[in-house]
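So in the numbering used here the end of the sequence shown lands on 474, straight run, no missing numbers. Structure record follows, encoded as C-alpha cells.
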Amino acid sequence: MLLNYKQQGEGAPLIILHGLLGTMDNWGGQIKVLSQHFQVIAVDLRNHGHSPHSGDMSYALMADDIVELIDHLGFNKVNIIGHSMGGKTAMQLALNHPERIDQLIVVDISPIEYPPHHANVFEGLYSIDLATLTSRNEASKQLAQYVDDHGTRAFLLKNLYRTADNTFAWLMNLDALYNQYGNICAAPIGNPFNAEVLFVKGELSDYMLPAHRDAVLKLFPQARYKVVMGSGHNPHAEKPADFSKIALNHLNKGRH
219 MLLNYKQQGE GAPLIILHGL LGTMDNWGGQ IKVLSQHFQV IAVDLRNHGH SPHSGDMSYA
279 LMADDIVELI DHLGFNKVNI IGHSMGGKTA MQLALNHPER IDQLIVVDIS PIEYPPHHAN
339 VFEGLYSIDL ATLTSRNEAS KQLAQYVDDH GTRAFLLKNL YRTADNTFAW LMNLDALYNQ
399 YGNICAAPIG NPFNAEVLFV KGELSDYMLP AHRDAVLKLF PQARYKVVMG SGHNPHAEKP
459 ADFSKIALNH LNKGRH
C-alpha cells in the first residue's frame, strides 16, 4: 500500500519510521534538524496516522510498503532511521532488499521476538468510550487508570481526533494493532545484511540488552552501537540534540 508521507529538505533521501501507536509527528523536532542536511521523508506506517488501514500486519508487509514508497518517489537507494517497530521494519527491509539501503540507523530495538508488554495500553485505549467522550482531558483521566505515566498518555492520545460531526475517533487502526500484536512482537528474519548498521540505545531503556548481542550480530555482523545517555526508549525525543548529533555523524560518514 502507498503510505502517507511528508517530504522536507533537499539532498540524499532519508526515510524516518516511527514506532508502535506513533505517527510521523513524533519525529517533528528531528525532521527540522535532519532536513537541513537531507531530503527527509517522514512516514506513517500502515494502520497508523493518515496511512491506509489493513487487517494484515507483518514486518514483511511493512517492508514491502516502504519499497513501494521508495519506488513511488523514484529513488534507488535510501538512508533509513527506524525506531522500535519502525526499526524492525527497517531491519526487515534491509534483510529483504539490501540493495535499496544506503545507511541504516536502528533506534532502541533489537532483532528479537519480544514478550507482550502492551496489555495495559490496549486495555486502556479500549476502555475509552469514544461515543460519549467530550474532551481529551476526559480521555486522559480514563486512560490514567491503566497508564500511569503522563507523557505516555499524551503520546497515545495524539491518535485521538475530532471527526466532521464533532465526535472523537482514533487515527490508528486499533483493532488491527491489537489483533496483529503477535506479529509486531516478532523478530525480523532473513539472511545477514553485510553492511554497517548503527544501533542507537537509550541508556535507561530495557529494549536493547547485552543478551541480544548474538541475535544482532547474526543478522547484522557489522553492527555498531551508540548509547544516548540519560535517555529512555525515545532518545530522539528525550535527548534530541544528542540523538541528532549521533545520527548525522553516522549518515555523513557514508556520504561521498
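Beta carbons: idealized from backbone N, C-alpha and C, even for Gly.
6 Å Cβ shell around residue i - same chain, five flanking residues per side excluded
i	result
Gly247	Pro458
Gly229	Phe256 and Gln257
Gln398	Met275
Phe438	Phe411 and Val415
Backbone CA spacing between residue i and residue j [nearest angstrom]
i	j	result
Phe256	Cys403	31 Å
Leu343	Met219	26 Å
Tyr425	His335	11 Å
Gly237	Ile323	14 Å
Val339	Asp460	29 Å
Glu500	Leu389	Because the chain here runs from 219 to 474, residue 500 falls outside it and cannot be looked at.
His368	Leu375	10 Å
Residue i in three-state terms, based on DSSP
i	result
Asn297	strand
Glu421	coil
Asp460	helix
Gly229	coil
Gln248	helix
Ala405	coil
Leu322	strand
His474	Its pLDDT being 48, under 50, His474 is placed unreliably in this model, and the coordinates cannot settle the point.
Leu427	coil
Leu239	coil
Val446	strand
Asn338	helix
Leu351	coil
Spatial neighbours of residue i in its chain, beta-carbon cut-off 7 Å, leaving aside the 5 residues before and after
i	result
Arg371	Ser358, Leu361, Ala362 and Val365
His474	With a pLDDT of only 48 at His474, under the threshold of 50, the placement of this residue in the model should not be trusted; the figure read from the coordinates follows. Once the five neighbours on either side are set aside, His474 has no close Cβ partner at all.
Ala281	Thr307, Gln310, Leu311 and Asn314
Cross-strand partners of residue i (DSSP beta bridge)
i	result
Lys224	Ala260
Val415	Leu322 and Ala441
Arg380	Phe386
Ile327	Per DSSP, none; premise fails for Ile327.
Ile234	Ala260 and Ile299
Sequence-distant residues of the same chain with beta carbon closer than 8 Å to residue i, five excluded per side
i	result
Leu433	First, the amino acid is wrong: residue 433 is Ala here, not Leu. Taken in chain order, the residues that qualify are Ser328, Pro329, Ile330 and Ala405.
Counting pairs of Cβ atoms below 8 Å between the region 352-360 and the region 323-339, do you hit three or more?
no
Check whether the region 299-315 and the region 228-242 are in contact - that is, three or more C-beta pairs closer than 8 Å.
Output reads yes: the region 228-242 touches the region 299-315.
Any contact between the region 385-395 and the region 414-430? By contact I mean 3 or more CB pairs, one from each, below 8 Å.
no
Using a Cβ distance threshold of 8 Å, determine whether the region 409-419 contacts the region 442-453, with at least three qualifying pairs required.
yes
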